[in-house]
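Here the structure comes first, spelled out in structure tokens, and everything after it is commentary.
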Amino acid sequence: MMTKKSISASRASLILFLCQMIIALEVPLDLSQPPTITQQSPKDYIVDPRENIVIQCEAKGKPPPSFSWTRNGTHFDIDKDARVTVKPNSGTLVINIMNGGKAEAYEGVYQCTARNERGAAISNNIVIRPSRSPLWTKEKIEPKHVREGDPLVLHCSPPAGLPPPIIFWMDNSFQRLPQNERVSQGLNGDLYFSNVKPEDTREDYICYARFNHTQTIQQKQPISVKVFSSKPLTERRPTLLTPVGSTSTKVELRGNVLLLECIAEGLPTPVVRWIKEGGELPIKRTFFENFKKTLKIVDISEADSGKYKCVARNPLGFTHHTITVTVKAAPYWITAPRNLVLSPGEDGTLICRANGNPKPNISWLTNGVPIAIAPEDPSRKVDGDTIIFSDVQERSSAVYQCNASNEYGYLLANAFVNVLAEPPRILTPANKLYQVIANNPALLDCAFFGSPAPEIEWFKGVKGSILRGDLYVFHDNGTLEIPVAQKDSTGTYTCVARNKLGKVQNEVHLEVKDPTMIIKQPEYKINQRAGYVSFECTVKHDPTLIPTITWLKDNGELPDDERFIIQKDSLAIMNVTDKDDGVYTCVANTTLDSVSASAVLTVVDRPNPPFDLELTGHLERSVQLSWIPGYDNNSPITNFVIEYEDGLHEPGVWHYQTEVRGTQTTLQLKLSPFVNYSFRVIAVNDVGRSQPSEASEQYLTKAAKPDENPSGVQGIGSEPDNLVIIWEPLKGFQSNGPGLQYKVSWRQKDVGDEWTSVIVANVSKYIVSGTPTFAPYEIKVQALNDLGYAPEPSEVIGHSGEDLPMVAPGNVQVHVVNSTLAKVHWDPVPLKTVRGHLQGYRIYYWKVQSLSKRRRRHVEKKILTFNGNKTHGMLPGLEPYSSYKLNVRVVNGKGEGPASPDKVFKTPEGVPSSPSFLKIINPTLDSLTLEWGPPTHPNGVLVAYTLKFQPINNTHELGPLVEIRVPANETSLILRNLNYSTRYKFYFYAQTSVGSGSQITEEAVTIMNEVRPVYPRIRNVTASAAETYANISWEYEGPDHVNFYVEYGVAGSKEDWKKEIVNGSRSFFVLKGLTPGTAYKVRVGAEGLSGYVSSEDVFETGPAMASRQVDIATQGWFIGLMCAVALLILILLIVCFIRRNKGGKYPVKEKEDAHADPEIQPMKEDDGTFGEYSDAEDHKPLKKGSRTPSDRTVKKEDSDDSLVDYGEGVNGQFNEDGSFIGQYSGKKEKEPAEGNESSEAPSPVNAMNSFV
């Protein structure tokens, strides 16, 4: 919505014409003229008695006028009163009463006369009255004792002040007393109660009178009101407290404010309505105040006379009062006399026309003297309200006064007749510049004076012709109007004034500007409370005009709040509140025009809670609920949610009942028996839910038999020989009555047994003992209470308790798919041997040894579970070129069955990891020495290494690539015939028969001369990876205080490197947020060293896993316990040795090496017997008497890339295709003891054996 503030062409022309006509009649001050009153005090002048009295009278004339005063119709001799002075060059009186004077002594009617040789002008009669603020007369006010429901009037009766005081009621804490339709203040200041309530009892009803003129407040004695109860209350129809009777009259003057009042009493409180008999109330001028008890009509006229009726109504009846309003009028101007300038011999008229009710009398004075007794002037003739002048001469100059009066007031106007003979003069400044907006009227002034009145002509341009035609309007005051100025209207305009005494001209200039426009206006916004909103306002304007952008709210200034942020083309409001709701206007002002655009901001929020909940139509199984919606906060209510509380069974807990659309406020609710209901309602709109309403009254329904049976009935066994029957008990309100119990029935399925039943209390479980293992049962649970049984329940099938499976899966076969994946097949077990619900099969598998390293390692068993009746599964994440064992077990709800015999399988070779390091030493002019370490994970038998290298020039461009094959048993190489002072980049990787592994990169520079150069080196970049992070470390040689950074990316990807800054000069960093099971490339660089970076390293994160089963042997508490036991045994043995050495009473220890035990065999998982074992690396037998811990565990050692290394161990599951669906287990077994675990020294256990 955009508006352009501009005055229409016709209206602007009229206003300017009228103004400049007055200016044209203004006689220049250098010419003789009679006096003119320019400023005077108001007719009714109320003064502050504490300050000096200033009575204004200013006038102009040539020669300057002298002043005199009358008081109460007689000459006021100023010189005789020392307290009265006149301002210099003025007629204004100053009466000094600050030093002991009294304002009352100067009350009266004052009139000023300004006189010079050409006439005399007079002021209005100025009535001086000092303001008065008298005190209340002292009186004893008796307490008011009122019966509840009766009317009451507390009289204020303020003292008569000048001007009348403003009345208001407060308590003794200076808090305004609340007013409403029942309690309100009348126009006379009295406090009216339509009916009193107990809360009206108080002792501090105080009436205050504020006298604004003297800035004082007077207070009446407090009034005490005591309301006593009288029940039942008797309702009554309305009667009027004021005005009295059925009719009254009121006279008001034209232009004033009409106030009509009707205050009624009654019970219930009446409501007042106003009408005008035989007509309509003026819509734009009518206002209702004081809770519609006062009718206010502003700026009244004679047309507002008539009969006004107020009607007070309540449910018991109504009363009315008719007020006959008569509008009178003090005199008002129709045509006021205007100054008249004539040249000798000319004619003229003075017109004085006024109206009023009654019609005013018109009288003329000349120079302050009634014209009837004034000196004769043959050139004038009085004709009622007009004076006609003919053939005037210079002696005809005078000031004439017109007085229009009736009983309600008077009007007095001065107008002079000035007879002059003057050649033309132009009063508008020369070369004045006018600027207007295109398509608007242009008004070019040519203010002139001359006697006789000159004729005016306009020209455009230096040699232009006289302007005529419809494109221009020529006003009598000399103004040239161009109704619709265009760009081509720009130029210079010449005004020529001539009369019989001479000629004069003046030039003015016109510039036509482009209009200001808002090309992007603010838009309507709906915003939630506490949100952010922005209005745009983009302005286009003439380049020579600078606009000022102003924002308004509801046509007023923006609140002084830092939440409002004004920018060049927008207004932003932060943290919007309810008060921000309204119309926002962007106003663009220039010196010539103003445009505006507005938009509405509607602030929405959750609705206010409903109120006045009411229950009606009470039935056994239903009730009607009604409510009143709360305010929707500018977002319509879409639905209502009804909740209930059961005060009998679940007090304080609210449940969902139902919901209805937002237009519905009444609902029939279905109820359950034996529930003590309370209801509440929540309103919902697009913003959210309201707070709940206040709770309704309670409603207790009658008891009845249960309508339903418990849900969730199940039969499961907790032991192999029992059946546990469980169910979801009925909620409190579902019981339908007191004494809720359950009838539990069961029988074994398909064996022809009769039903066995028991009645139990309000519980949720019953246990049947002595059942066969995992047998099916038919089960049902029926509810009952003191009034009877629920309907017959439906039957469910349950099973008695499970036991561990009896047999292991057979015919276990392993098919190795590739170096990291194997497929396992097995035959399912007979279902009857499962002895429970078949949950699936579980594969235990572990790595026995690496075929390349030929050494034993600690056993880390992993577990994969395959749900359902599967007969195969995939084992992912295997290590290449390794030997594995596995077994399979069936799983039911009780646990695992026996394990199948261990199955051994081997994985084939894979590609190796990158060499463990690559370093370049001993640079010379034409050679470099390379040293490296074998891959940490060869994943097979290495067959060779491949070295590739190429030179790098100063612009980091790569040269030709050279490839060299190196035998697998080599660990160093000297490259010769290289270019001196050249940087080379090296790529190095190992190979097995399967293929090439990941490469490691490095850079080095040959020296320029025999002096070894000093350059930075970052080498041996290594990565230790987990599932989602990796520890990166490196070695650095070079200048100190270097800032490192780590770059990484997915191996083989063309994506840009990701860069992480290393804090400080550390030589390690942790990369986080990596993707599990992904190969990454990494390199390390140094800031400020010409972009130097290390060679690349490649690592792979572990697969995604959840937690695994935890081996007890790896737990800290278990290790601590074992250490404590070992320490106690050691202390005991030391004591024994000491005693034996001292006493010599013990037999000599058998020689430890006499009988060596056979080679220690690994113990099987299930029975603890020794299995087969062979170690190609070490065959050192243990000494006699050595023992293993009872739980067959040893301290956890590092394992090669096991899944346990990356997180806590848990069970794992895979689909039959090998995809991961479960959890790994971190359970470990003790690996066969290495030979070097034997010792020549006796172990504590050996010592104990020797002792016993």
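Here the sequence shown is numbered in numbering that gives the first Met the number 0, starting from 0 and rising by one per residue.
Glycine included, each C-beta is placed from N, C-alpha and C at the ideal position.
So, is residue i buried or exposed, given that buried needs 16 or more other C-beta atoms within 10 angstroms?
{"i": "Gly-35", "result": "Note that residue 35 is Thr in the sequence shown here, rather than Gly. Classification of Thr-35: buried, given that the 10 Å Cβ count is 16 or more."}
{"i": "Asp-568", "result": "exposed"}
{"i": "Tyr-655", "result": "exposed"}
{"i": "Met-873", "result": "buried"}
{"i": "His-74", "result": "exposed"}
{"i": "Thr-478", "result": "buried"}
{"i": "Val-182", "result": "buried"}
{"i": "Lys-893", "result": "buried"}
{"i": "Lys-486", "result": "exposed"}
{"i": "Ile-1255", "result": "The structure shown has nothing for residue 1255, since the chain only spans 0 to 1251."}
{"i": "Ile-14", "result": "For Ile-14, the predicted model reports a pLDDT of 41, less than 50, meaning its position is unreliable and no value from the coordinates is stated."}
{"i": "Ile-1253", "result": "Past the boundaries of the shown model lies residue 1253; the chain is included only from 0 to 1251, so the question cannot be answered."}
{"i": "Ile-94", "result": "buried"}
{"i": "Asp-577", "result": "exposed"}
Output the distance between the C-alpha atoms of residue i and residue j, rounded to the nearest integer angstrom.
{"i": "Leu-190", "j": "Pro-197", "result": "17 Å"}
{"i": "Val-823", "j": "Asn-1042", "result": "52 Å"}
{"i": "Ile-205", "j": "Leu-186", "result": "17 Å"}
{"i": "Ala-56", "j": "Glu-406", "result": "It should be noted that the sequence gives Cys, not Ala, for residue 56. Each residue's alpha carbon lies about 26 Å from the other."}
{"i": "Asn-968", "j": "Tyr-1079", "result": "28 Å"}
{"i": "Ser-1201", "j": "Val-847", "result": "In this prediction, Ser-1201 scores a pLDDT of 37, lower than 50, which makes its location untrustworthy; the coordinate-derived value is nonetheless stated afterwards. Computed Cα separation, rounded: 12 Å."}
{"i": "Pro-133", "j": "Gln-184", "result": "22 Å"}
{"i": "Leu-877", "j": "Lys-852", "result": "16 Å"}
{"i": "Thr-233", "j": "Val-243", "result": "23 Å"}
{"i": "Thr-589", "j": "Arg-337", "result": "37 Å"}
{"i": "Gln-504", "j": "Leu-30", "result": "20 Å"}
{"i": "Ser-634", "j": "Val-680", "result": "18 Å"}
{"i": "Ser-997", "j": "Thr-819", "result": "17 Å"}
{"i": "Arg-201", "j": "Asn-123", "result": "53 Å"}
{"i": "Thr-334", "j": "Arg-352", "result": "5 Å"}
{"i": "Asn-784", "j": "Glu-707", "result": "12 Å"}
{"i": "Glu-777", "j": "Gly-714", "result": "9 Å"}
{"i": "Ser-922", "j": "Thr-1005", "result": "Per the sequence shown, residue 922 should be read as Pro rather than Ser. Going by the C-alpha atoms only, they are around 5 Å apart."}
{"i": "Gly-107", "j": "Arg-128", "result": "7 Å"}
{"i": "Ile-572", "j": "Cys-585", "result": "14 Å"}
Run through the DSSP bridge pairs and tell me what residue i is partnered with.
{"i": "Cys-401", "result": "Trp-363 and Ala-412"}
{"i": "Phe-473", "result": "Leu-479"}
{"i": "Phe-985", "result": "Phe-948 and Glu-1001"}
{"i": "Met-873", "result": "Lys-822"}
{"i": "Ala-1024", "result": "Ala-1029"}
{"i": "Asn-761", "result": "DSSP, once it has assigned bridges, lists no residue as partnering Asn-761."}
{"i": "Gly-118", "result": "Asn-115"}
{"i": "Ile-973", "result": "Thr-928"}
Is any heavy atom of the ligand SAH found at a distance shorter than 7 Å from the C-beta of residue i?
{"i": "Thr-945", "result": "Ligands are entirely absent from the displayed structure, and the ligand SAH is therefore not among its contents."}
- Message: Taking 8 Å as the cut-off, does the segment 761–773 touch the segment 680–696 (at least 3 CB pairs, one atom from each stretch)?
- Response: Result no; under three Cβ-Cβ pairs closer than 8 Å.
- Message: Across the segment 207–215 and the segment 160–170, are there enough close Cβ pairs to call them in contact, namely three or more that are closer than 8 Å?
- Response: yes
- Message: Extract the residue ranges of the beta strand (DSSP E) inside the segment 145–188, only unbroken runs of 3 or more that lie entirely within it.
- Response: When DSSP assignments are scanned along the segment 145–188, the uninterrupted stretches of beta strand (DSSP E) that are 3 or more residues long and fall wholly within it turn out to be 151–153, 165–169 and 182–184.
- Message: Check whether the segment 974–994 and the segment 938–954 are in contact - that is, three or more C-beta pairs closer than 8 Å.
- Response: yes
- Cβ pair count under 8 Å reaching 3, the segment 1055–1072 against the segment 970–982: no
- Could I get the ranges of all uninterrupted beta strand (DSSP E) runs contained in the segment 797–868, with 3 residues as the minimum, in chain order? 809–817, 820–826, 837–849 and 861–866
- Query: Counting only runs that start and end within the segment 221–309, where is the beta strand (DSSP E) found for 3 or more residues in a row?
  - Reply: 222–227, 235–241, 246–252, 257–260, 262–266, 270–275, 285–288 and 293–296
- Ranges of the beta strand (DSSP E) found wholly within the segment 708–747, counting only runs of at least 3: 710–715, 721–727 and 740–747
- Complete alpha helix (DSSP H) runs within the segment 642–722 (minimum length 4 residues, chain order): none
- Three CB pairs or more closer than 8 Å across the segment 523–542 and the segment 444–461: no
- Task: Evaluate contact between the segment 458–468 and the segment 426–434, counting only Cβ atoms and requiring at least three cross-stretch pairs below 8 Å.
- Result: no
- What alpha helix (DSSP H) runs, 4 residues minimum, are completely inside the segment 517–545? none
- Item | alpha helix (DSSP H) runs wholly inside the segment 29–81, at least 4 long, in chain order | none
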